[in-house]
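J.: Encoded as structure tokens, here's the structure I'll be asking about.
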Amino acid sequence: MHDPTMLTNGAVVFFGRGKFDDWCVFLRSPEGKTVAPRDMEYFQKLKTISNRFGRQKLYDDFVSVYAPTGKIVDPLILRRIKRLSLKYGELTDEVEQWLTVIYYGMVAEENKEHAILKKRIKRLGIHQILIEDNSPEQAATFSKGKSANELDKLILEKGF
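Right, here's the structure in full:
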């Protein structure tokens, strides 16, 4: 599959077996605690970061990672994330960690067999919290109970 990615802060991001497939994203802390971060968690982290550095800036940085994302973890995109993160001062490590987790999440979406919306579903959530200023809770639960066609239409209206 893909090699794990070691972050500047010593944490590791990698794919593993989840409930449904082998595309579950895991984050292992430098202390060795492993979790599968939830949308709600990283939406909250991004919201906090954007309150300090600007929602549009963080969204633009996210889109520069989103655009080239495909089915494999690309070392060039990981380097881009590291470089972008340097603009966030003492939050550099946190930005690198969460953008990397989201990047892995988008790669996972691109590989999921029956995912119709692919990585666009992640962009919808990020757009909702950063551009539309919705709460992380709203964004994390927004797609529940909605059809892929309904979401596709909405996403297209937003321009992605």
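Just so you know, this note's numbering puts 478 at position 150 of the sequence shown, and the rest follows in order with no gaps.
Where is the CB? At the ideal position from N, CA and C, for every residue including glycine.
Predicted model only: the values in this text are computed from it and were never measured.
1) Assuming Phe343 contacts Tyr432 (C-beta within less than 8 Å), just tell me the rounded distance between them.
2) Can you tell me whether Leu355 is helix, strand or coil according to DSSP?
3) With a threshold of 6 Å on Cβ separation, who are the neighbours of Glu422 within its own chain once the five nearest residues in sequence on each side are excluded?
4) Taking only three categories from DSSP, how would you classify Val401?
5) With distance defined between alpha-carbon atoms, name the residue in Arg345, Ser413 and Lys373 nearest to Thr362.
6) Taking just the CA atoms, how far does Asn379 sit from Val435?
7) In chain order, what residues of the same chain lie with their CB nearer than 8 Å to the CB of Tyr387, ignoring the 5 residues before and after it?
8) Keeping to the same chain, check which residues put their C-beta closer than 7 Å to that of Phe371; ignore five residues upstream and five downstream.
9) Excluding the 5 residues preceding and the 5 following Pro332 in the sequence, name in chain order all residues of the same chain whose CB lies nearer than 6 Å to its CB.
T.: Walking through what the data contain:
1) 7 Å
2) strand
3) none
4) DSSP places Val401 in coil when its eight states are reduced to three.
5) Arg345
6) Distance between the alpha carbons of Val435 and Asn379 is about 27 Å.
7) Ser378, Ile454, His455, Leu458 and Ile459
8) Gly453, Ile457, Pro464, Ala467 and Ala468
9) Val340 and Phe342
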